[in-house]
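Chemist: Numbering-wise, the sequence shown is residues 597 to 709 according to our numbering. My questions all concern the structure below.
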Amino acid sequence: MNNCKPIDKLTIEDLKQNPIWEWAIDEEENEEHDETWVKPAATTNFTEELNGSIVLGELFLHNGEKFPMMCEIDIEGDEAVIRSVVYYKEAKNEYIAIARYCENGRNAVIDYY
597 MNNCKPIDKL TIEDLKQNPI WEWAIDEEEN EEHDETWVKP AATTNFTEEL
647 NGSIVLGELF LHNGEKFPMM CEIDIEGDEA VIRSVVYYKE AKNEYIAIAR
697 YCENGRNAVI DYY
């Protein structure tokens with residue numbers, strides 16, 4: 597699939613075109629691809645089958661600023677869990693990682709960079 601790309605090459609523009617990107621596990625037979633590659637999901641309706649996918653969102657700050665963001669999301673029972681957040685500052689063409697979820701269940705620690 598020619599829309600596959602490594603996760604570190606995924607951009608906000610990619611997500612504006614396709615708001616959900618899933619891990620391209622079925623593409624790993626291609627020598628270029630490994631477990632870090634993603635591809636656009638066939639749907640824009642997030643379901644449990646898409647757990648761990650990267651989705652487009654918006655980050656709202658208390659000062660009224662808002663930024664496009666990408667995050668990894670999971671559905672656990674009746675809750676949505678965000679595992680990481682990267683937002684985009686268009687003025688500086690800069691991606692900023694602000695949170696990472698540590699795999700320790702509901703009492704997980706979030707690291708801020």
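Even for Gly, the Cβ is constructed at its ideal location relative to N, Cα and C. Predicted model, so just to flag it, every value in this text is computed and none were measured.
Is it right to say A620 is buried, meaning 16 or more other beta carbons lie within 10 angstroms of its own, or is it exposed?
Modeler: buried
Chemist: Give me the Cβ distance between P664 and L646, rounded to the nearest whole Å; I'm assuming they're in contact under 8 Å.
Modeler: Not confirmed; about 20 Å, so no contact.
Chemist: Taking contact to mean at least 3 C-beta pairs separated by less than 8 Å, is the region 634–641 in contact with the region 607–622?
Modeler: yes
Chemist: Classify L646 as helix, strand or coil using the three-state DSSP reduction.
Modeler: helix
Chemist: Within 10 angstroms of its Cβ, does E644 collect 16 or more other Cβ (buried), or is it exposed?
Modeler: E644 should be labelled exposed.
Chemist: Considering only the beta carbon of each residue, do N633 and C667 sit closer than 7 Å?
Modeler: The sequence shown places Trp at residue 633, rather than the Asn named in the question. Going by C-beta atoms, W633 is not nearer than 7 Å to C667.
Chemist: Note down, in chain order, each residue of its chain lying with its Cβ closer than 6 Å to the Cβ of L655, except the 5 sequence neighbours on either side.
Modeler: Result list for L655: F663, M665, Y683, in chain order.
Chemist: Between which two residues does the alpha helix (DSSP H) containing F609 stretch?
Modeler: As written in the sequence, residue 609 is Glu, which differs from the Phe given in the question. Unbroken alpha helix (DSSP H) run through E609: 608–613.
Chemist: Using C-beta distances below 8 Å, list every residue in its chain close to K612, excluding the 5 sequence neighbours before and after it, in chain order.
Modeler: L652, P664
Chemist: Give a yes or no on whether 7 Å exceeds the smallest Cβ distance from I603 to chain C.
Modeler: The chain labelled as chain C is not found in the depicted structure, where only one protein chain is given.
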